[in-house]
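So the number in the working numbering is just where the residue sits in the sequence shown, counting from 1, plus 4.
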Amino acid sequence: MSDRVDQHCILDVKKTGRTVKITVDDKEIEAYEGEPILSALLASGIKINRYTVKKHEPRGLFCGIGQCSDCSMVVDGKANVRTCITPVKEGMVIKTQDGLK
Ligand code: FES
Numbered sequence: 005m006s007d008r009v010d011q012h013c014i015l016d017v018k019k020t021g022r023t024v025k026i027t028v029d030d031k032e033i034e035a036y037e038g039e040p041i042l043s044a045l046l047a048s049g050i051k052i053n054r055y056t057v058k059k060h061e062p063r064g065l066f067c068g069i070g071q072c073s074d075c076s077m078v079v080d081g082k083a084n085v086r087t088c089i090t091p092v093k094e095g096m097v098i099k100t101q102d103g104l105k
């Protein structure tokens with residue numbers, strides 16, 4: 005796996021480790037357990053995390069430190085999860101967030 009986030013100012017990013025499967029919008033991708041979800045998404049070419057409420061505009065990585073919420077997605081049924089600071093766990097089901105849900 006390449007093109008990953010391998011340094012992060014607040015997270016202990018795993019450069020290697022156990023490879024797990026997660027599902028993103030019904031597509032299974034590989035990730036390293038413990039890496040930020042956003043890192044796995046970027047490595048798989050996924051750059052849109054949510055769409056805004058009013059104008060339905062796409063949003064993705066902006067701050068990368070859990071402050072802006074542009075990377076929010078629905079993770080295991082829970083909306084507004086900031087994927088840049090949430091570690092990957094095996095079997096996670098992740099969906100692009102549309103508005104507030
Ligand atoms: S990119 Fe800003 S909170 Fe995740």
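The beta carbon of each residue, even a glycine, is placed where N, CA and C say it ideally should be.
query: Helix or strand or just coil, what does DSSP make of Ile-41?
result: Ile-41 falls in the helix class under three-state DSSP.
task: With DSSP as the reference, please indicate the residues paired to Met-77 in a beta bridge.
output: Beta-bridge annotation (DSSP): Met-77 is paired with Val-85 and Thr-100.
task: Measuring alpha carbon to alpha carbon, tell me which of Thr-90, Thr-27, Pro-62 and Arg-8 ends up nearest Leu-46.
output: Among Thr-90, Thr-27, Pro-62 and Arg-8, the Cα nearest to that of Leu-46 belongs to Arg-8.
message: Contact criterion: CB-CB distance below 8 Å. Does Lys-58 meet it with respect to chain D?
response: Among the chains of the structure shown, chain D does not appear; only one protein chain is present.
query: What whole-angstrom Cβ distance do Cys-13 and Leu-42 have, given they're in contact under 8 Å?
result: Wrong, their Cβ atoms sit about 14 Å apart, outside the cutoff.
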